[in-house]
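First the structure, in the form of structure tokens, and then the observations on it.
2 protein chains.
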Amino acid sequence: MEPRGRVTITDVARAAGVSVATVSKVINDRYGVAASTAEHVRSVIADMSYESSLVARSLRSQRTGVIGILLAEFEPFSTELLKGLAAATAGSGYELLAWSGGGGPDGHVGWERRSLAQLSGTLIDGAVLITPTLVVPDAGIPVVAIDPHAGSESNPSVDSDNLAGAASAVEHLIALGHRRIGFLGGRPDLESARLREEGYRRTLAAAGIALDPDLVRVGGYRPETADAPAHELLTLPDPPTAIFATNDLSAIRTMQVAQSLGLRVPEDLSVVGFDNVPESALCTPQLTTVSQPLHRIGREAMEMLLTLLRGEAPAETHRRLPTELVVRASTRAL
Amino acid sequence: MEPRGRVTITDVARAAGVSVATVSKVINDRYGVAASTAEHVRSVIADMSYESSLVARSLRSQRTGVIGILLAEFEPFSTELLKGLAAATAGSGYELLAWSGGGGPDGHVGWERRSLAQLSGTLIDGAVLITPTLVVPDAGIPVVAIDPHAGSESNPSVDSDNLAGAASAVEHLIALGHRRIGFLGGRPDLESARLREEGYRRTLAAAGIALDPDLVRVGGYRPETADAPAHELLTLPDPPTAIFATNDLSAIRTMQVAQSLGLRVPEDLSVVGFDNVPESALCTPQLTTVSQPLHRIGREAMEMLLTLLRGEAPAETHRRLPTELVVRASTRAL
DNA sequence: CTGTTAGCGCCTTCAG
DNA sequence: CTGAAGGCGCTAACAG
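So the sequence lines, in the order shown, correspond to chains A and B.
If you count the first sequence from 1, you need to add 166 to reach our numbering.
If you count the second sequence from 1, you need to add 166 to reach our numbering.
Okay, structure coming up:
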């Protein structure tokens, strides 16, 4: 009906011949409106296909009925989590809003604090932070972190058993006869990266293998940042026969770098990843990796947040879920 | 510094001993503030780690610098597109916001109109709609649709060659010797579903195979809605030897239903899907499917939207990208 | 039962 | 160069 731009509550009020307040009452089913008036207003609303502005409503009211998923970028790890998070939201009455903090590629530390400040108190009632770079201070709304920056002293969180997961990856390589095992680490700001390195070190030590510092590099969890260190590892005078890359994206990139150097995987180089994102099964050769239960992590994080939003105390504020080694085609006995 | 809840511009102004207006000017780099004052205000802002509320800012200003991706739910198809959309946004100066319209599971027709009305004009400067259920009227902001409801008369859009894609799937099955080929259709409100059915019908006709109406069912593109029709097809007195399910999720579910009925895939039943989402390579057996270039679709849709946002006219308002048959392990010669 | 009055947090004239 | 006033669209008191 109404052509130009947005239809506002004022337009509706004028068209219906009532005040703005009355329209608002009708929309929100508040008492004190004659049935006939309400009826009439409703029909005008339908006619004009009016929908109240989320922004204006949020600004005024406390509750918005929206949960924010704050992530650095839309990459496979985050989008897998999204599926689990979304599944757990169904039927809760909350809408889901995924917000890419812009910090993105540069990995600007603090993106989650900025994003949270921009959205909390106004647009969202609660938030799930995916791989935050720091412990966020009280944001005034319930917050749950997935794969967080720090340990158990901080915000409620869900992660998987990174230590045991890394150990299983390295044990697998050792069992295949590998002794020179390269390590491509993750984002130093994340606890997961620290624990995966710790798992690597301990497992080598337990097997009586001396750690060669030359074989330990920082990959940053992203293809672009993993490229150079992977290349360095593979062009060492005495290169590793296997590499444990601590997430799938960097593992896949490592395989590509190896192939570009004329190395065959797994004949000349074994590679193990971490995460088990769908992409790990789509590359050639298919990647051996440590599986994290990503959907379940998302689901449990959302359940924790919903509990918090209900004003209840969650059974546990830190959930740690098990990992599992998935052996595919990128590893092979020496 | 400031403990309780959000820090507002008023808090900053008070702490800095200036007016709200001055703080606003500093934030937005507007003329008319003494260098020393600006400096001071900036330091207070940093101290209090103040961040202006997206909501309040949006309400007041025209431009928000945010692009909305509106989707019915976070399932594999949408999240794959998200990766491409996000990649194309990098460096554009826009932030990305993915909004799940709530209509979700029930597939409530019109979710995108509602979502758009709620967000446009206030929160987002432009939008990409994923599988909208109808042609959206002028929303006052640029809108691009992916896999749209209707044909070329409507909004700018990007999709893939559904007709040719469906044909390639059915031709593949015919080449394998199949004659009784079941069809599990998609969402009737989408053009893609119509075109895929058309491709199925034409290809059968071209091969001189009479169409058995009993073999044509509506699967709705979702696992839950595909379950029953798949079951019906497989328990027919004269069941099909192959099924073309028009998206991967329903194809995967079809394989599960078959297995639950004691049928082996591909020995007893061949199955072809559509989309080539990552999940299609993760199931057992791996799914033969028609690949859509999902990342590229997302990228091109975003580029089109960015062009529109710049106020320019896009080279073409309807992009149709090629599909490709990916033969894996779920199909076999009769 | 209805309309008027105040803001939510912010930005933008427009006086001082 | 700075602050006071008005209003974005909406909801929540309070009067009438």
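Ideal Cβ positions, reconstructed from N, Cα and C, are used throughout, including at glycine.
Here the structure is a predicted model, which is why all the values come from computation and not from measurement.
Asked	Found
Where Phe410 (chain A) falls: helix, strand or coil (DSSP)	strand
Reference Ile290 (chain A); option with closest CA among B:Glu364, B:Ala316, B:Trp265 and B:Ser496	B:Trp265
is_contact[Gly267 (chain B), chain A] using C-beta, thresh 9 angstroms	yes
Distance CB(Val274 (chain B))-CB(Thr299 (chain B)) smaller than 9 angstroms	The sequence as given places His at residue 274 (chain B); Val does not occur at that position. In this structure, Thr299 (chain B) lies closer than 9 angstroms to His274 (chain B) by Cβ.
Reduced DSSP category for Asp355 (chain B) - H, G, I as helix; E, B as strand; rest coil	coil
9 angstroms Cβ cutoff, Pro389 (chain B) in contact with chain A	no
Pairwise C-alpha distance: Arg279 (chain A) and Pro451 (chain A)	39 angstroms
For Asp327 (chain A), three-class secondary structure by DSSP	coil
For Val431 (chain A) and His338 (chain A), believed in contact at Cβ under 8 angstroms, the rounded distance	Rounded, the Cβ-Cβ distance is 15 angstroms, inconsistent with contact.
Closest Cα partner of Gly306 (chain A) within the set A:Pro314, A:Glu363 and A:Gln284	A:Gln284
Rounded distance between the beta-carbons of Arg462 (chain A) and Gly250 (chain A), thought under 8 angstroms	6 angstroms
Burial state of Ser358 (chain A), where buried means 16 or more other Cβ atoms lie within 10 Å	buried
Distance cut-off 8 angstroms: Glu246 (chain A) Cβ against heavy atoms of the ligand COA	In terms of ligand content, the structure shown is empty, and the ligand COA therefore cannot be addressed.
Three-state secondary structure (DSSP) of Arg501 (chain A)	For chain A, the structure presents residues 167 to 500; residue 501 (chain A) sits outside this window and is missing.
Pro379 (chain B) classed as buried or exposed, judged by whether at least 16 other C-beta atoms fall within 10 angstroms	exposed
Pick from A:Gly231, A:Met214 and A:Leu370 that is closest to Val221 (chain A), judged by C-alpha positions	A:Gly231
Gly385 (chain B) versus Leu399 (chain B) - alpha carbon distance	11 angstroms
Rounded straight-line distance, which links the Cα of Glu466 (chain A) to that of Met421 (chain B)	29 angstroms
C-alpha gap between Val184 (chain A) and Glu205 (chain A), whole angstroms	12 angstroms
Complete runs of the alpha helix (DSSP H) confined to the stretch 255-302 of chain B [at least 4 residues]	277-285
Cutoff 9 angstroms: Arg170 (chain A) Cβ touching any chain B Cβ	Annotation note: pLDDT 49 at Arg170 (chain A) (below 50); position unreliable, no value reported.
Inside the stretch 174-251 of chain B only - alpha helix (DSSP H) runs reaching at least 4 residues	175-182, 186-193, 201-214 and 220-226
Secondary structure, beta strand (DSSP E): runs of 3+ residues fully inside the stretch 371-426 of chain A	382-384 and 408-411
Ala341 (chain A), DSSP secondary structure in three states	helix
9 angstroms Cβ cutoff met for Ala335 (chain A) and Phe440 (chain A)	yes
Identified DSSP bridge partners for Gly439 (chain A)	A:Thr455
Interface flag, Ala499 (chain B) vs chain A, CB-CB below 9 angstroms	no
Cβ of Ala264 (chain B) within 9 angstroms of any chain A Cβ	yes
Contact set for Glu363 (chain B): own chain, Cβ-Cβ below 6 angstroms, skip 5 residues either direction	Gly351
DSSP state of Val493 (chain B) mapped onto helix, strand, coil	coil
Gly477 (chain B) - DSSP class collapsed to helix/strand/coil	coil
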